[in-house]
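One structure below.
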Amino acid sequence: MLKRFALLVSLFVLAITPAAAQQAPIKIGAILPLTGSGASYGVWMKGGTEMAAEEINAAGGIGGRKLEVVYEDHAADASKAVNAMRRLVEVEKIPFTLTSYSAPTLAIQPIGAQNKVVMMNGGGQSDNLANKDYLYNNIPVVSNEVGVLCDWLTKEKKFKAAVMIVANDEAGRNSAKSFRERFTAGGGKVLAEEQIALDGNDFRAQLAKLKAQGGDLLFISSYGRNVAIVADQARELGITIPMAATSWVQIPEVLKAKGAQGLLTTRLPFSPDSPFARKFKERYKTDAGFFAVQYYSGTRIFAAAAEAAMKKGGGKLDGEGVKNAIESIKAFDTISGKLVFQPNHAAVMDIEVGVLKDGKVEVEKIIKAGQ
Amino acid sequence: MDLALQLLATGLVVGSLYALCAIGWGLIYGTTLHFHVAHGAVFALAAYYAYVGQKLLHLPLVAAVLLAIVGAAVSGLLIDLLLYQQLERRGAFRTSLFIASLGLLILLENVLAIVFTPDPMRMDIGALNTAVIIGPVFLTYLHILTVALAVGGYVALVLFLKRSRWGQAIRAVSSAPEMARTVGIDLNRVHLLTYAVGSALAAPAGILVAMDVGAEPFRGTRFVLLASVGVIMGGIGSIPGAMLGGIFLGLLENLGIWKLPSEWQAAISFGVFLVFIVLRPRGFFGRTIHSAEI
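So the sequences go chain by chain: A and B. All residue numbers for the first sequence refer to my numbering, where the first residue is 402 and numbers rise by one. All residue numbers for the second sequence refer to my numbering, where the first residue is 230 and numbers rise by one.
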């Protein structure tokens, strides 16, 4: 009797074990700027990720398993990102993480590559993020965007002499380097460059120095709230020349800053009237931005790749499988169109150029992807 | 030349903020010999008191500022009453007090960061941040107010120390504590008063920075560090010295980058400081620093 009971129990356990394993959620990470000078990006990145995860789960999850996202804050600090990544890899045992910002992403990349964890960066744009093992960027690298900006500034707007204010970090320096190359190639000259701290808030001394240099254009190679402060303090100091920046400035603080109006800027395509943007606004009571779509898409790309990897691996899911799936699928359908990963692991996109007026960018021109 | 004038003006504004911190910190250090680094936390607290007053309690700006000054004075007084005096009663060494003060600074900063997030909390200051153009120099009304408040704070402190009975008691304790005790001055009460006055002086600096760029939890550390440098440069025990030391540092930081890249800002200030204390350890006006005092 007892033997029979034991047999039944073990049969039962055997029967339910694989089912139970299949029911365990798939955990992925998201290392985002939730606090600090870039907290505005964080609101969008987290919101977009959350919306994607909810939709995926409502539609039955990935291969029948629920998706669970573990959020970590890097506050623009590479060492915090490394701690977060270690925790995600060692404690949460994730096969995949969303990541953001250039320096934090470069810092976690070796950990990801070593532990075979796929990283999807939808925000950082340093050129050094390209061609890295296990790291994919569903965003173009900055030289791409700065190139378009410089062509427009030198050929159409006829700017000749620029001064630059540069955030003293990976992203800031990298974009400044590209600007110097492309602006000079376009026949312009860079007269001077001053560095600022990303978490600083008084740049008057640096701006005063740049003002003394003259020039006909101020290029702001920085991002986050920082740019709003630079723009306001520049105007306060009587710097009247036009200012230019890349799509990093597409956050409410900068768009609304008084000093930033008239800014010449690039923008990556985002439509505030899309169903996604409307849903985002309804849910978070704040306007959606480009980076919300980026992280929504990043999560979706993971789901598609994981689904394929599990099919191929007989239900097994690991980072290597996800990586192989991304490599073989290559082109993903996203809400902003088809996204194709280039051989350098970065995406190309349409790039818009325009002028900031009354809190909105008036687009003058759209340069098609890869041109 | 325009650049030099602009840097001079910006330096004067920044220097005024350092000076406000330095005279308060210098008063406390000169009287109690506590290396009170938690002064930085009082600086940050004052900024948040003003922010809470304006944004959460919806007080008018002036009322929020007054609330913050009183709040800072009470905070400073409580730090002395509940921490330093307790430690001193148990015979703690000056080093232990310094470590305790450092611990309190870190604790308060992190609590502020948890409650308010590390992001700057902006205040509404209306027309105060309108630009004022004086020849080649661009400033805002807030900057002019900053310099005026530093001068006002300094004059008020000097008058208080010279004219009032309590001020004279502070000076007595500062110059000869044992003598003061024998003539019947209660040292602990004078210390409490010193903390209240010194902390009230840190408040305008914290509030002005909050008005300019927002209240931030970790902003105070840098200010207290520069205040202590200013005090040592000016001469320990000398209020005019602390005032000048603070302004000198602000000017140095800004004029220093006239010909050098701006990354050198901090290196210039501290480099000059090191040369200065080696060549003139008494500071501008003060008594000689003994190793025991640092």
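Beta carbons are placed, not taken as given, at the ideal position from N, Cα and C, and that holds for glycine.
(message) With three or more beta-carbon pairs closer than 8 Å as the criterion, would you say the region 423 to 436 of chain B touches the region 264 to 278 of chain B?
(response) Taking a cut-off of 8 Å on C-beta distances, the region 423 to 436 of chain B touches the region 264 to 278 of chain B, as three or more cross pairs fall below it.
(request) Reducing DSSP to helix, strand and coil, say where Met521 of chain A ends up. (result) Walking along the first sequence from the start, residue 521 of chain A turns up at place 120. Reduced to three states, the DSSP call for Met521 of chain A is strand.
(request) Could you tell me which uninterrupted alpha helix (DSSP H) segments, each at least 4 residues in length, are contained entirely in the region 317 to 359 of chain B, listed from first to last along the chain? (result) For secondary structure counted as the alpha helix (DSSP H) over 4 or more consecutive residues, the region 317 to 359 of chain B holds these complete runs in sequence order: 323 to 345.
(request) Determine the extent of the alpha helix (DSSP H) in which Leu525 of chain B is found, giving its start and end residues. (result) The requested residue 525 of chain B is not part of the displayed model; chain B covers only 230 to 523.
(request) Note down, in chain order, each residue of its chain lying with its Cβ closer than 6 Å to the Cβ of Arg581 of chain A, except the 5 sequence neighbours on either side. (result) Within the first sequence, the letter at position 180 stands for residue 581 of chain A. Scanning its chain for C-beta atoms nearer than 6 Å, with the 5 sequence neighbours on each side dropped, one finds around Arg581 of chain A the residues Val591, in chain order.
(request) Starting from Gly738 of chain A, follow the beta strand (DSSP E) in both directions and report where the run begins and ends. (result) In the first sequence, counting from the first residue as 1, residue 738 of chain A sits at position 337. Segment 738 to 741, the beta strand (DSSP E) holding Gly738 of chain A.
(message) I'd like to know whether the C-beta atoms of Val361 of chain B and Gln235 of chain B end up nearer to each other than 9 Å.
(response) For this step, residue 361 of chain B is matched to residue 132 along the second sequence. For this step, residue 235 of chain B is matched to residue 6 along the second sequence. No, the Cβ-Cβ distance between Val361 of chain B and Gln235 of chain B is not below 9 Å.
(request) Run the CB neighbour count on Lys761 of chain A, radius 10 Å, all protein chains shown included, and call it buried at 16 or more, exposed below. (result) Taking the first residue of the first sequence as 1, we reach residue 761 of chain A at position 360. Classification of Lys761 of chain A: exposed, given that the 10 Å Cβ count is below 16.
(message) Can you pull the chain A neighbours of Ser491 of chain B, defined as C-beta to C-beta under 8 Å?
(response) Taking the first residue of the second sequence as position 1, residue 491 of chain B is located at position 262. Glu595, Gln596, Ile597, Ala606, Gln607, Lys610, listed in chain order.
(request) Report the three-state DSSP secondary structure of Ala431 of chain A (helix, strand or coil). (result) On the first sequence, position 30 is the one that residue 431 of chain A refers to. Here Ala431 of chain A carries a strand assignment [DSSP, helix/strand/coil].
(request) Starting from the C-beta of Val749 of chain A, find all residues in its chain whose C-beta is less than 8 Å away, skip the five residues before and the five after it, and write them out in chain order. (result) For the purposes of this step, residue 749 of chain A is identified with residue 348 of the first sequence, where counting begins at 1. Taken in chain order, the residues that qualify are Pro541, Asn545, Val741, Gln743, Ala770, Gly771.
(message) Between which residues of its own chain and Leu718 of chain A is the CB-CB distance below 7 Å, once the five residues before and five after are set aside?
(response) In the first sequence, the residue the question calls residue 718 of chain A occupies position 317. The beta carbon of Leu718 of chain A is closer than 7 Å to those of Ile427, Pro496, Ala707, Ala710, Met711 in its chain, skipping five residues each way along the sequence.
(message) Taking 9 Å as the threshold (beta carbon to beta carbon), is Leu638 of chain A in contact with chain B?
(response) As a first step, residue 638 of chain A must be located in the first sequence, where it is residue number 237. With 9 Å as the cut-off, Leu638 of chain A counts as an interface residue toward chain B.
(message) Taking 9 Å as the threshold (C-beta atoms), are Pro653 of chain A and Glu753 of chain A in contact?
(response) As a first step, residue 753 of chain A must be located in the first sequence, where it is residue number 352. As a first step, residue 653 of chain A must be located in the first sequence, where it is residue number 252. The Cβ atoms of Glu753 of chain A and Pro653 of chain A lie no closer than 9 Å to each other.
(message) Can you tell me which residues form a DSSP beta bridge with Thr666 of chain A?
(response) Start at 1 with the first residue of the first sequence, and residue 666 of chain A comes out as number 265. DSSP output for Thr666 of chain A lists A:Ala646, A:Gly755 as bridge partner(s).
(request) Drop a sphere of 10 angstroms on the beta-carbon of Met230 of chain B, count the other beta-carbons inside from all chains shown, and report buried for 16 or more, exposed for fewer. (result) Mapped onto the second sequence, residue 230 of chain B falls at position 1. Residue environment for Met230 of chain B: exposed (fewer than 16 other C-beta atoms within 10 angstroms of its C-beta).
(request) Would you identify the three-state DSSP class for Arg775 of chain A, choosing helix, strand or coil? (result) Because residue 775 of chain A is not part of the residues shown, which for chain A are 402 to 772, the question remains open.
(request) Return helix, strand or coil for Leu386 of chain B, following the three-state DSSP convention. (result) Indexing the second sequence from 1 puts residue 386 of chain B at position 157. Taken through DSSP and simplified to helix, strand or coil, Leu386 of chain B comes out as helix.
(request) For Thr436 of chain A, go through chain B and note every residue whose CB falls closer than 9 Å to its CB, in chain order. (result) Position 35 of the first sequence holds residue 436 of chain A. Simply Ala342, Thr346, Pro347, Asp348.
(message) Quick check: what's the CA-CA separation for Gly382 of chain B versus Met644 of chain A?
(response) Numbered from its first residue, the second sequence carries residue 382 of chain B at position 153. Numbered from its first residue, the first sequence carries residue 644 of chain A at position 243. Approximately 39 Å, taken between the alpha carbons.
(request) Could you check if Glu455 of chain A is buried or exposed, using at least 16 other CB atoms within 10 Å of its CB as the buried criterion? (result) Here residue 455 of chain A is taken as the residue at index 54 of the first sequence, counted from 1. That one is exposed.
(request) Whole angstroms is fine: what's the gap from Val490 of chain A's alpha carbon to Tyr424 of chain B's? (result) Translated into the one-based positions of the first sequence, residue 490 of chain A becomes position 89. Translated into the one-based positions of the second sequence, residue 424 of chain B becomes position 195. Just so you know, the alpha carbons of Val490 of chain A and Tyr424 of chain B end up roughly 49 Å apart.
(request) Provide the residue(s) that pair with Ile597 of chain A in DSSP beta bridges, ordered along the chain. (result) Position 196 of the first sequence, counting from 1, holds the residue named residue 597 of chain A. Ile597 of chain A is bridged to A:Ala568.
(request) Tell me whether Asp633 of chain A sits in a helix, a strand or coil according to DSSP, three-state version. (result) As a first step, residue 633 of chain A must be located in the first sequence, where it is residue number 232. DSSP, read as helix, strand or coil, puts Asp633 of chain A in helix.
(request) Classify Ser325 of chain B as buried or exposed, calling it buried when 16 or more other Cβ atoms lie within 10 Å of its own Cβ. (result) In the second sequence, the residue the question calls residue 325 of chain B occupies position 96. Result: exposed.
(request) Leaving aside the five residues before and after Leu484 of chain B along the sequence, list all residues of the same chain whose C-beta is less than 8 Å from its C-beta, in chain order. (result) The count along the second sequence starts at 1 and reaches residue 484 of chain B at position 255. Taken in chain order, the residues that qualify are Ala233, Leu236, Leu237, Gly240.
(request) Might you give, ordered along the chain, the residues of its own chain that have their beta carbon closer than 8 Å to the beta carbon of Ser503 of chain A, omitting 5 neighbours on each side? (result) Sequence index remark: in the first sequence, residue 503 of chain A carries index 102 (1-based). Excluding the 5 residues flanking it on each side, Ser503 of chain A has same chain C-beta neighbours closer than 8 Å at Gly525, Gln526, Ser527, Asn529, Leu530, Asp570, Glu571, Ala572, Asn575, in chain order.
(request) Report the three-state DSSP secondary structure of Lys494 of chain A (helix, strand or coil). (result) Taking the first sequence and counting its residues from 1, the one referred to as residue 494 of chain A is at position 93. Correct three-state label for Lys494 of chain A: coil.
(request) Quick one: grab the DSSP three-state call for Ala704 of chain A. (result) As a first step, residue 704 of chain A is located in the first sequence; it is residue number 303 there, counting from the start. Looking at Ala704 of chain A - three-state DSSP - the assignment turns out to be helix.
(request) Can you tell me which of the three DSSP states Phe604 of chain A falls into? (result) Sequence index remark: in the first sequence, residue 604 of chain A carries index 203 (1-based). Phe604 of chain A falls in the coil class under three-state DSSP.
(message) As an exercise, report each continuous alpha helix (DSSP H) stretch of at least 4 residues that is fully enclosed by the region 526 to 586 of chain A, in chain order.
(response) Fully enclosed alpha helix (DSSP H) runs of no fewer than 4 residues occupy 543 to 552, 571 to 586 of the region 526 to 586 of chain A, in order along the chain.
(request) Report buried or exposed for Gln515 of chain A, applying the criterion of at least 16 other Cβ atoms within 10 angstroms of its Cβ. (result) Counted from its first residue, the first sequence places residue 515 of chain A at position 114. Burial check for Gln515 of chain A: the Cβ neighbour count within 10 Å stays below 16, so the residue is exposed.
(request) Pick helix, strand or coil for Lys610 of chain A, following the three-state DSSP scheme. (result) As a first step, residue 610 of chain A is located in the first sequence; it is residue number 209 there, counting from the start. In the structure shown, Lys610 of chain A sits in a helix (DSSP, three-state: H, G or I).
(request) Would you mind telling me which residues of chain B sit closer than 9 Å to Asn602 of chain A, beta carbon to beta carbon, in chain order? (result) For the purposes of this step, residue 602 of chain A is taken as the residue at position 201 of the first sequence. Neighbours of Asn602 of chain A on chain B, chain order: Pro349, Val438, Asp441, Val442, Gly443, Glu445, Arg448.
(request) State the Cα-Cα distance for the pair Leu311 of chain B and Leu337 of chain B, rounded to the nearest angstrom. (result) The count along the second sequence starts at 1 and reaches residue 311 of chain B at position 82. The count along the second sequence starts at 1 and reaches residue 337 of chain B at position 108. In a straight line, the C-alpha of Leu311 of chain B is about 15 Å away from that of Leu337 of chain B.
(request) Would you mind telling me which residues of chain A sit closer than 9 Å to Ala360 of chain B, beta carbon to beta carbon, in chain order? (result) Here residue 360 of chain B refers to the residue found at position 131 when the second sequence is read from its first residue. Here the neighbours are Arg636, Glu637, Leu638, Gly639.
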